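Below is one structure, written out as structure tokens; the observations come after it.
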Amino acid sequence: MLRRAVLQLALCGAAPALAAPVGLTVLDAAGQPLADAVVAVYVAGAPAQAPAGATAELAQRQKTFVPGVLAVQTGTAVQFPNFDTVRHHVYSFSPTKVFEIKLYAGTPAAPVVFDKPGTAVLGCNIHDRMQAFIRVVDTPHFARTDAAGRATIDLPPGTHPAQVWHASLGIGAAPPSQPLATAGGAATLTLKQP
Amino acid sequence: MSELFSPRRLQFRIIAFFLGLLLLVQVASLLLIGHSIGVNARAAVNTELRTGERVFARLLQTNATSLTDAARVLAQDYGFRSAVATKDAATLRSALENHGERIGATLAIFADGAFELQAATRDGAERFLPTLGRMVNMVDSAQKVALLDGDVYQLVVVPVRAPVLIGWVAMGFRIEESLLREMRQLSSIEVALLTRGTESPDWALKRSTLGSAVADTLLADWRAARSAVRAPADGVSEANLLMDLPAGLGSPLAGEVLAREMLLGRDGDQQAVAVLMRSLDEARAPYRRLQEMLLGFTVAAIVVFAIGSVFTARRITTPLRSLTRSARKLGAGDYTEPLPAQGSDEIGELAHAFEAMREAVQERDEKVRRLAYEDDLTKLPNREQFRTDLRDAIVVAREQRQPCAVLMLDLDRFKHVNDVLGHRFGDRLLRQVALRLQREAGRSNDRVARLGGDEFALLLPGADADVAQAVARRILLGFEQPITLDDHTVDLGAGIGIAVCPDHGLDADALMGHTEIAMYAAKRGQLGVVVYDTALDSGSEASLSLLSELRRAVEQEQLRLYLQPKISLGTGEVVGAEALVRWQHPQRGLVPPLKFIPFAEQTGFIRELTGWMIERSAHVLHQLHVAGLPLKLSVNLSTRDLLDQDLPVKLQRLVGTHRIDPGKLCLEITESAIMDDPQRALQTLERLHTMGFRLSIDDFGTGYSSLAYLKRLPVDELKIDQSFVKNMERDLDDAKIVRSTVDLAHNLGLSVVAEGVETAKAWKMLRALRCDEVQGYFVAKPMPEALFAAWAAEWAPPAINEVQLDSGFATLV
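Top line first, the protein sequences correspond to chains A and B.
So the first sequence is numbered by this note's numbering: it starts at 1 and just counts up by one.
So the second sequence is numbered by this note's numbering: it starts at 195 and just counts up by one.
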């Protein structure tokens, strides 16, 4: 889905320079690779809003949100398909997006559009253990680290401001910005407290 | 009865001792039980209080858990979380109030994740926030007892998640009386809640299960009890407190109470304490019933014991009292009643011993009585009894105007029988004599008594002097038959005195005294039987006149000296004479010697008579010497003379005065006179012997003098008693005695004189037996001194060749 979004970006906007993939490693404060961190790189000139029709999906499988952390560009409509046999009651009291989808099965008819940047924490009113985060960013350049704390983003060469977010930072203030140099096709970022 | 329970009685002491002992044991055990009940009750209450503390903690825990659950339900309520999400304070507060009411919370607070107060159901709740902050550090839910505004709350805190933590809900529940009552229901322990705070540092009673009426007292008591155990002012007392709550305040607790403090919560200066209380009295109550039962049992035991010991004491003391009564009777001299039998225990044995003693005492008493009035040896009445009998007899005699005679008898030579043959033999002899006397006093009312020693008495009621003399002679006749005991044949002789009532006395003592005088007269004079005569009695009027007459006789020369010649059997010549006294009374004529000699001996006048005799004999000796008759004269000395210390001096003087040869004067002493006081007699005799006097033993053979003693006597001559001489013609035994005596005397170097020679036959026999001299009627009767010289000149020995001796004597010779 991310790849499709990147593809859409590439199709819709003329890039000032040729973009190249940059390998990123995210470390926590202790210097350990950090999984499920969301890196957003703000490239000058890139659109803040996702193009209309951009969608994403946060499924519920075996009473778990999959994935646990979802990063989307602002304006993306997110579907919450329920693959379980039981019903769920998905809600969010986060200021970024307050919504609830009362007891449903299958895929709800209307997706939820995340029209403000920030973080929303999602829960299920039926199952207290179910928890997921949706990180909404105003840039099309973002990625989520894998289990080894790595991610790859296509970036034009140069140095761009970047934000690293992780669930441990909560849903409050935005994390501080840090510069990301694309030279060498690889960079390391560290999670910083706001 | 009251005497029976006097403290000195054995019965009382037995009862008191056993009851005292029982009481002591019971009181000790009651005290011990009481003490251990106290200790046990206290220990039990202590345990209960410790358990109560755990129960109360558990109760609070349970309460908190249910509160936590309730709070958690609230925190997870979607609506509540929705309200939180609105961030509208008013909505939030109303939601808190709504949900707080739902679970009965006194206080509800919502704070965000950073413990900023978002809403509360009451003002001032921000004061809880630091407490809450501390609480939530522990777990995702926490509970605590907290103080607020001086009151005690159980506080629970739970997180609110949506789904991440978005804040905290805290709910406070005041600890109400209902919880305390629940505690009481669970554990029977009363609880009081006390607090102190910053504003009021003194402890205040918040609430308790005891009701408000007792609050002040409770607080005051608690403070006092705390200070008693020195509990820290800002902490709880480790030790349990002993309180004493007054009754009558409507409190379920009264009396002694043990209390335990339990710290519920502490927040700076604020403190909350639960005081758990349990009544000691209540804990003791079940024991108390046990104690009462024990007390009842004790009282019952004492009653049973009292009855038992009274019964036991009675069993001991009743027989003792009956023994005491019997002993008193014995003491009073009543031995007749046998003691009741008492069984076979120790008291029974005592009673048996008592009974044996009673019998022994009774027996001895009878014996003593018998001894008092009866002679133990002969079983005859004794002197006392005889005197009594005599008194009675005198009374009867005077009533019936009849005479009544008393005989008194003294055996001759009894002392020597005793000495020679032994006392046992003597006793048996006395018994034989008693039998003989009883035989002689044959009449039914005659009485024989032993007065003592060898002295007997007979009482002959109705007998006059003649009858009495007849009896006396019969007795003496009986004595002529010798008594044979154990191969010993004893010739008995006796002197018998007689006195007759009323002639010789009107009362028993006088009569017995006179009989005794008569008896002594009979013995002295060898007279056999003597009837009392006043002349015999030196104390009587007649005696006094006789004595003065005798004196006059000496002074007026009424006495005459008579001489009885002694012939030598060898030569047939006159060799001497025995001097005898006769009294030529101017009125009464010639008085025989028996009429005054015994009297003179009795009164001591005999010394003067003897003096006169010797004087006169010396005179006659001198005359005979001048006339060419160198004869010797014999003079009798009485016992009194022999005991007279002056006798040798007197004799010495006479010898000098009359210039005579003391060897011509022979002093004759009877065996009995010597035996009266052998020691003194021997001394006197030795002196006389030294002075040169010739000494002769008169009446030899009648006095039982021992040969050993005879050998020691410094005598020159033996005079064989005339009874042997008179009898020897008929009795071979007497002849043998005479022969032995002659042989004996010769062997001892003594000459032998036989008196009482009345026949030619006797003369011849005596000459044949080689007797030295003879004296008697066959030769000549005693003659006045004046006639003697002439008689001696004419004397020629008799012709005796025709006299034939029996063959027996012939062989004897």
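Beta carbons are placed, not taken as given, at the ideal position from N, Cα and C, and that holds for glycine.
Values in this document were obtained by computation on a predicted structure and should not be read as measured data.
8 Å contact criterion, which residue i and residue j should meet: CB distance rounded
i      : j      : result
A:A20  : A:F65  : A:A20 to A:F65, Cβ: 33 Å. No contact.
B:A688 : B:L605 : 5 Å
A:L155 : A:P194 : With 8 Å as the limit, A:L155 and A:P194 do not qualify as a contact, their Cβ atoms being about 24 Å apart.
B:Q720 : B:R754 : At roughly 23 Å, the Cβ-Cβ gap does not stay under 8 Å, so B:Q720 and B:R754 are not in contact.
B:G294 : B:T315 : 6 Å
B:D915 : B:L889 : At roughly 17 Å, the Cβ-Cβ gap does not stay under 8 Å, so B:D915 and B:L889 are not in contact.
B:K920 : B:G950 : 5 Å
B:G691 : B:T709 : 5 Å
Helix, strand or coil at residue i [DSSP, three-state]
i      : result
B:S638 : coil
B:P787 : helix
A:D154 : strand
B:S402 : strand
A:T55  : strand
B:H852 : helix
A:N82  : strand
B:N830 : strand
A:Y91  : strand
A:A35  : coil
B:R236 : helix
B:D604 : strand
B:P759 : strand
A:H127 : coil
B:L544 : helix
B:Q337 : strand
B:F309 : coil
B:V997 : coil
A:V43  : coil
B:G228 : helix
A:T76  : strand
Bounding residues of the beta strand (DSSP E) (the contiguous stretch that carries residue i)
i       : result
B:K975  : Unbroken run through B:K975: none, as it is neither H nor E.
B:L489  : Looking at the DSSP string, B:L489 is not in any beta strand (DSSP E); the run it does join, the alpha helix (DSSP H), is L474 to G525.
B:D925  : Run containing B:D925: none; DSSP gives neither H nor E here.
A:F142  : H141 to R144
B:P655  : E649 to P655
B:M437  : L435 to L439
B:H1020 : There is simply no residue 1020 of chain B to check, as chain B begins at 195 and stops at 1007 in what is shown.
A:P165  : First, the amino acid is wrong: residue 165 of chain A is Trp here, not Pro. Counting along the chain, the beta strand (DSSP E) containing A:W165 begins and ends at T159 to W165.
A:L122  : G118 to C124
B:S421  : Element bounds for B:S421: not the beta strand (DSSP E) but the alpha helix (DSSP H), A409 to A422.
B:I669  : No beta strand (DSSP E) contains B:I669, which is instead part of the alpha helix (DSSP H) from A659 to E674.
B:H682  : H682 to V684
B:I677  : I677 to L679
Distance cut-off 7 Å: residue i Cβ against heavy atoms of the ligand SAM
i     : result
A:T85 : With respect to small molecules bound, the structure shown includes none, and the ligand SAM cannot be examined in it.
Bridge partner(s) assigned by DSSP for residue i
i      : result
B:D892 : B:T864
B:F367 : B:Q348
B:Q632 : According to DSSP, B:Q632 bridges with nothing at all.
B:R390 : B:Q465
B:K913 : B:V947
B:S372 : Partner(s): none; B:S372 has no beta bridge.
B:R558 : DSSP output for B:R558 lists no bridge partner at all.
B:I692 : B:L601 and B:V725
Range of the contiguous alpha helix (DSSP H) that encloses residue i
i      : result
A:Y104 : Segment F99 to Y104 is the beta strand (DSSP E) holding A:Y104; no alpha helix (DSSP H) there.
B:H816 : I800 to V820
B:T139 : Since the first and last residues shown for chain B are 195 and 1007, residue 139 of chain B lies out of range.
B:T709 : A702 to R718
B:I588 : R577 to Q594
B:P872 : P872 to M885
B:T280 : Y272 to T280
Listed by chain order, chain C residues near residue i by CB distance under 8 Å
i     : result
A:V98 : Absence of chain C from the displayed structure is noted, the protein chains being A and B.
**Message:** If the cut-off is 8 Å on Cβ atoms, which residues from the region 259 to 284 of chain B count as contacting chain A, listed in chain order?
**Reply:** Residues of the region 259 to 284 of chain B that bring their beta carbon within less than 8 Å of a beta carbon in chain A comprise Q270, Y272, R275, S276, V278 and A279, in sequence order.
**Request:** Using a Cβ-Cβ cut-off of less than 8 Å, list which residues of the region 335 to 360 of chain B approach chain A; keep chain order.
**Result:** Going along the region 335 to 360 of chain B in chain order, one finds R355, A356, P357, V358 and I360 with a Cβ nearer than 8 Å to chain A.
**Request:** Using a Cβ-Cβ cut-off of less than 7 Å, give me the residues of the region 82 to 94 of chain A that come near chain B, in sequence order.
**Result:** From the region 82 to 94 of chain A, only F93 have a Cβ closer than 7 Å to chain B.
**Asked** the region 108 to 121 of chain A: which residues have C-beta closer than 8 Å to a C-beta of chain B, in chain order?
**Response** Near chain B, meaning a CB-to-CB distance below 8 Å, the residues of the region 108 to 121 of chain A are V121.
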